[in-house]
Amino acid sequence: MKRSISFTYIVFALLSVTFSFGQDLSISGTVRDAEGLPIAFANIILKQAQDSAVVKGVSTNEKGIFLLDKINTDAYLLSVSFIGFTEVHKSISLERSIDMGTVTLNESSQQLDEVNILVKRPTLKKEADRLVFTIENTALIEGTMFEVLKNTPGILVLDNNIQVKNSKPTVYINDKKVQLNTEELIQLLEGSSANNIKSVEVITNPSAKYDASSGAVINIVMSKNLITGYRGNVFANFEQGVFPRYNPGTSHFFKNEKIDFFANYSYSQNKINRDQDEVVNYYDGANAIDEIFKSNVNRNTWSKTHNFNFNFDYTLNENNTLSLTSNMLVLPYFKYQINNSTQVLDANEALDYFFNANNLSDDDKYNLGFDLDYVHKFKNPGETLAINAHYTIFDYNRKQNVKSDYFDADGRFLETTAFLTDNHQNTNIYTAKADYTLPLGEGGNLELGAKGSAIKSSSNITQFDQVNGSQIIDSNNTDAFDYDEVIVAGYFNFSKDWDKLNLVTGLRAEQTNVESNSVLEGNSKTKDYLEWFPTASLSYTVSDQVSVYTNYKKSIQRPNYQNLNPFQFYLNDFNIVTGNPNLKPVIVDHAVIGTSLVQGTYTLEAYYKTYSNNIFELPYQDNVNNILTYTPVNLDKTVEFGFDFITYFYMLENWSVYFVTSFFNTHDEAEFEGIKIDRDQWSNYSVLSNDFTFLKDKSLNVNFNLTYMSKSMSGFREVQDILASELTMSKSVLKNKGSVSVVISDLFNTQNYDISSRYLNQNSRIYYDQDTRFIKLGFRYKFGNTNLETNQSSKSQQETERLEKSEN
3 MKRSISFTYI VFALLSVTFS FGQDLSISGT VRDAEGLPIA FANIILKQAQ
53 DSAVVKGVST NEKGIFLLDK INTDAYLLSV SFIGFTEVHK SISLERSIDM
103 GTVTLNESSQ QLDEVNILVK RPTLKKEADR LVFTIENTAL IEGTMFEVLK
153 NTPGILVLDN NIQVKNSKPT VYINDKKVQL NTEELIQLLE GSSANNIKSV
203 EVITNPSAKY DASSGAVINI VMSKNLITGY RGNVFANFEQ GVFPRYNPGT
253 SHFFKNEKID FFANYSYSQN KINRDQDEVV NYYDGANAID EIFKSNVNRN
303 TWSKTHNFNF NFDYTLNENN TLSLTSNMLV LPYFKYQINN STQVLDANEA
353 LDYFFNANNL SDDDKYNLGF DLDYVHKFKN PGETLAINAH YTIFDYNRKQ
403 NVKSDYFDAD GRFLETTAFL TDNHQNTNIY TAKADYTLPL GEGGNLELGA
453 KGSAIKSSSN ITQFDQVNGS QIIDSNNTDA FDYDEVIVAG YFNFSKDWDK
503 LNLVTGLRAE QTNVESNSVL EGNSKTKDYL EWFPTASLSY TVSDQVSVYT
553 NYKKSIQRPN YQNLNPFQFY LNDFNIVTGN PNLKPVIVDH AVIGTSLVQG
603 TYTLEAYYKT YSNNIFELPY QDNVNNILTY TPVNLDKTVE FGFDFITYFY
653 MLENWSVYFV TSFFNTHDEA EFEGIKIDRD QWSNYSVLSN DFTFLKDKSL
703 NVNFNLTYMS KSMSGFREVQ DILASELTMS KSVLKNKGSV SVVISDLFNT
753 QNYDISSRYL NQNSRIYYDQ DTRFIKLGFR YKFGNTNLET NQSSKSQQET
803 ERLEKSEN
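The opening position of the sequence shown corresponds to residue 3 in the numbering used here, with each subsequent residue numbered one higher.
Written out as structure tokens, the structure is:
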């Protein structure tokens, strides 16, 4: 039968509440132990007698009383359970409401063994477009969501950067994008319990349903909750690196027949150190070294951050649900101080002069995001309509004070320069989208959708030079910049499962209209373009032990808003960070062919990826004025191809191993000042992760992770090899309601970066000594009905991920 969905019907569905009527029968009773004492928070699950399908579930209150209502006449199986007691099953033929009276649970004589049975091993399944890492009821759920991500095969967390296949992924929770930048996202994940994670999906080939800028996706799938009641937890982390850091928080969840409510709050107070050594060789007109700048830089960053998120779901009836979600980050205090000591040498490395620069910045910002969702389920099973509206407001302020003192080679004072800058940015993001899903017979599925987004960003900067005690506006670095962007998108996605063959294919179109205006440049710029983004995935099961697959995806990476901002931020008189309003979006084509052996235990892949207009932030040295400017630029083309080997298996009953190694070649092409440059580099990326469980009840968990990246290339910049290491230990305490954890990072002190730029007339090197070596102690305590799962479903829009870039 053909279906048509009119606009009137959609509006009516959004504004109306459909009431359904049944026989409204109920089952009630009281759960007690052998001594007649009530058992609070016992699980009551009602299943269909015919196929054991779960109908509904509740938990007993503090007096051991339960009530299952709004039940139709039928034959059922009632299960009553509580940890440490033998489960009771009762068959019920329900024709009228009944009172079960007292249900008695007896203590299990083998309580410990029953608990052990509940603890499962993590499993890894390789599908054509994703890795599915299932951890439900495993020891991994005793940590935080961030710890689970760090232990998920295919995900690399290095220096608090989350990567999948050498690229930044988009993170989802229950198929809803997390709307925070990387730093804010990690704060959210570190402050959220993993108790309710079912699995983590690493989607390397997202379908056309996802935004075209979603090159890779991490989807955290939460367990479905059937039990009503309340639960909560409190936690605290103490971290000692160069300086101490703190992170306390709490989360709460409540559910009844109509309402699911989750709220999480965390506070972070950090002080982070970074040391760096930098050498810049400036050339004369004959391309010989003229002057050498050698700098020692120490940077300290202080921050206080409040992170609050909530999710409120209201079930109108069995076919209609409304949800309100919010992620709110407030950073009222962010300060960084850069102390720079630079020696200026001649070509023979004799000291000419030196200067000491002090850069002090005070920042504050807030990032508030809100989502309203409506989901309608049609009578046809699997047919749904989902509508979403989103709003983000981002506000950022920075006050900067820079002072430099100059001395000659003999240490005699020469002069002082000083300036102040005042910078403000405000961004508003509005999005709306609709997704329709229609099952098509046996194993088929059709998805259609549309999305519109509007971004309005306004920023300004004022710089004052301090001359003889007076402040004089620097007109060359005082500007206002407005950026407006509108994107309209539509897609279709088709999937079909046959006996051994699986096909997913789709097409997405995105029309982008951009208008920007710089007061200093005195003119407006517009840019309009339409792009088509096909995606396809095909897999074939050869046997129970072998499958083969191939996939292709075209995606886009738009510049973040600060990269487009033309303002110049002076770190000192000779070092500048600036944006580039002429940046073009990056178009990515990614193809993969692979095979999975022994039911996914071993995976072999080959891939080929091209980037048109790839964006890198590169240092550009002005050899006339001896100024080093960090600015984002488009390369003409980047080609990357490689071969991956992935395996996941158990060495022993309590020891699992995940190992991946990738050999890949990166080839960059660009033209600078009329000269073409062409470079390539072979590299290796390998991860060895070991998970251990100890003690009879498996309450002690240990993970040891090693990540190695050989010498690699990033936009003509050569990055030396890095070895990252981390040891994590967690122990359940207080009858499994509490957990203590210890994390030791960078055990071998080998997570520092050594980067050099040597091409054309560019010759610089910088060494970053990162604050990555630390020990972290954590404690978490759960209370209330700890058998509940949360409805947490943090959301994001792709546009919000472009709000900020990392600090220099």
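For glycine and all other residues, C-beta sits at the position ideal for the given N, C-alpha and C.
Nothing here was measured: the structure is a model prediction, and the numbers come from that model.
If I'm right that Asp407 touches Phe483 with Cβ under 8 Å, what's the distance once you round it to whole angstroms? Not a contact, Cβ separation roughly 32 Å.
Any chance you could list the beta strand (DSSP E) runs of at least 3 consecutive residues sitting entirely within the stretch 657-741, in chain order? 657-674, 677-696, 702-711, 714-716, 719-721, 724-735
Please return the same chain residues whose Cβ sits closer than 6 Å to the Cβ of Ser582, not counting the five positions on each side in sequence. Reading off the sequence, residue 582 comes out as Asn, not Ser. Thr633, Pro634, listed in sequence order.
Taking a contact to mean a Cβ-Cβ separation below 8 Å, would you say Asp209 touches Val506 in this structure? It is worth fixing the name first, because residue 209 is Ser in this sequence and not Asp. Yes.
Count the other CB atoms, across all protein chains shown, that sit within 10 Å of the CB of Thr528; report buried if there are 16 or more and exposed otherwise. exposed
Do Ile164 and Pro155 count as a contact pair if the criterion is CB distance below 8 Å? no
Give me, in chain order, the residues of the same chain whose beta-carbon lies closer than 8 Å to that of Gly454; leave out the 5 immediate sequence neighbours on both sides. Thr433, Ala434, Lys435, Val488, Ile489, Val490, Ala491
Can you tell me whether DSSP reads Tyr563 as helix, strand or coil? helix
Boundaries (first-last residue) of the alpha helix (DSSP H) holding Lys273: Looking at the DSSP string, Lys273 is not in any alpha helix (DSSP H); the run it does join, the beta strand (DSSP E), is 261-285.
Output the distance between the C-alpha atoms of Pro334 and Lys306, rounded to the nearest integer angstrom. 7 Å
Between Ser727, Glu728, Lys713, which has its C-alpha nearest Val721's C-alpha? Lys713
Per DSSP, what kind of secondary structure is Phe576 in: helix, strand or coil? Note: Phe576 maps to coil in three-state DSSP.
Tell me, to the nearest whole angstrom, how far the beta carbon of Val173 is from that of Ile137; I am working on the premise that it is less than 8 Å. Contact doesn't hold; Cβ gap of about 17 Å is too wide.
In this structure, how does DSSP classify Val506 when only helix, strand and coil are distinguished? Residue state, collapsed to three classes: strand.
List the endpoints of the continuous beta strand (DSSP E) containing Lys152. Per DSSP, Lys152 belongs to no beta strand (DSSP E); it is in the alpha helix (DSSP H), 147-152.
Roughly how many angstroms separate the alpha carbons of Trp500 and Gly445, rounded to a whole number? 7 Å
Assigned secondary structure, Thr419 (DSSP; H/G/I helix, E/B strand, else coil): strand
Give the DSSP-derived three-state secondary structure of Lys187 in the structure shown. What sits at residue 187 in the sequence shown is Leu, not Lys. Here Leu187 sits in helix by DSSP.
If you run the structure through DSSP and keep just helix, strand and coil, what is Gln112? Legend: pLDDT at Gln112 = 38, less than 50; position of this residue unreliable, value from coordinates given subsequently. Coil at Gln112, not helix or strand.
Straight-line gap, His669 to Pro587 (C-alpha atoms, nearest Å): 19 Å
Would you say Ser518 and Asn447 are within 8 Å of each other, going by their C-beta atoms? no
Should Lys698 be labelled buried (16 or more other beta-carbon atoms within 10 Å of its own) or exposed? Exposed is the label assigned to Lys698, since fewer than 16 other Cβ atoms lie within 10 Å of its Cβ.
From the DSSP secondary-structure annotation, give me the bridge partner or partners of Trp500. Trp500 is not bridged to any residue.
Comparing C-alpha positions only, which one of Val579, Leu370, Ser545, Gly451 sits nearest to Ala511? Gly451
What do you reckon, are the CB atoms on Gly780 and Ser734 nearer than 8 Å? no
Residue nearest to Leu630 in terms of C-alpha spacing, selected from Asn425, Asn686, Val282: Val282
Beta-bridge partners of Ser201, as assigned by DSSP: Thr136, Val223
With DSSP as the reference, label Ala482 as helix, strand or coil. strand
In whole angstroms, what is the alpha-carbon distance linking Thr605 and Ile222? Approximately 22 Å between the Cα atoms of the pair.
What residues in its chain sit with their C-beta under 6 Å from that of Asn515, if we drop five residues either side in the sequence? Listed in chain order, the non-local C-beta contacts of Asn515 below 6 Å within the same chain comprise Val488, Asp530, local neighbours out to five positions each way being set aside.
With Met715 and Gln683 assumed to form a contact (beta carbons below 8 Å), what rounded beta-carbon distance in angstroms separates them? Taking C-beta atoms under 8 Å as the contact rule, Met715 and Gln683 qualify, at a distance of about 4 Å.
Using 8 Å as the threshold, is the stretch 533-542 in touch with the stretch 551-562, meaning 3 or more CB pairs across them? yes
Distance, Cα to Cα, Phe1 vs Lys611? Residue 1 is absent from the structure shown; the chain starts at 3 and stops at 810.
Are the CB atoms of Asp756 and Thr774 nearer to each other than 8 Å? no
Just tell me which of Tyr783, Lys778, Thr480 has its CA closest to the CA of Gln242. Lys778
Could you spell out where the beta strand (DSSP E) holding Gly780 opens and where it closes? 776-786
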